[in-house]
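Only one structure is covered here, and it is reproduced in the block below.
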Amino acid sequence: MNILNESALRDMMFQIVKESKPRLEEDLTAKTIGINEFRRDYCQGKSAEWVRTKIFDRYPEVVFDPVKHTGWVLNPHGQGKKTVIWQKQAAKWLESHMYDIDWGEKL
Numbered sequence: 000m001n002i003l004n005e006s007a008l009r010d011m012m013f014q015i016v017k018e019s020k021p022r023l024e025e026d027l028t029a030k031t032i033g034i035n036e037f038r039r040d041y042c043q044g045k046s047a048e049w050v051r052t053k054i055f056d057r058y059p060e061v062v063f064d065p066v067k068h069t070g071w072v073l074n075p076h077g078q079g080k081k082t083v084i085w086q087k088q089a090a091k092w093l094e095s096h097m098y099d100i101d102w103g104e105k106l
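If you number the sequence shown the way numbering that gives the first Met the number 0 does, the last residue is 106 and the count never jumps.
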């Protein structure tokens, strides 16, 4: 006796994929996020101060420079204005530098 209703399971899985597809295909090219979303989703929940000190200060190439067309974080210290992070560029940079960062380092 088969307890699992394969047809119902297949329909349910199809529905989940159908609902998830637009999110998975979303173009992140110009999508920006704030420091809290960035630290939560990309930095293992490290504090904003940790991210600013251990990533933004230590790797100046991440700071947005409109003249050189480099960087992916605008206003890295959030002084007077919100920190803005270009998600796609940040994710790509983090992927190529994940072994350079000491994720266990204390402030």
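We treat Cβ as the ideally placed atom computed from N, Cα and C, and that holds for glycine.
Cβ separation of residue i and residue j, assumed to be a contact under 8 Å, to the nearest whole Å
i: L93; j: Y41; result: 6 Å
Chain-order list of residues whose beta-carbon lies under 7 Å from that of residue i (same chain, five-residue window excluded)
i: F55; result: V61, V62, V72, P75
i: I32; result: I84, Q86
i: A90; result: Y41
i: E104; result: K53
i: T69; result: E60
Sequence-distant residues of its chain with Cβ nearer than 6 Å to residue i (five each side left out)
i: I34; result: A47, T82
i: E5; result: none
For residue i, three-class secondary structure by DSSP
i: L93; result: helix
i: I32; result: strand
i: I15; result: helix
i: K20; result: helix
i: L8; result: helix
Residue i classed as buried or exposed, judged by whether at least 16 other C-beta atoms fall within 10 angstroms
i: K45; result: buried
i: F13; result: exposed
i: V16; result: exposed
i: V50; result: buried
Own chain partners of residue i with C-beta closer than 8 Å, once the 5 adjacent residues on each side are dropped
i: Q43; result: W102
- Go through the region 41-101 residue by residue and report every complete run of the alpha helix (DSSP H) that reaches 4 residues or more, in order. 47-50, 86-96
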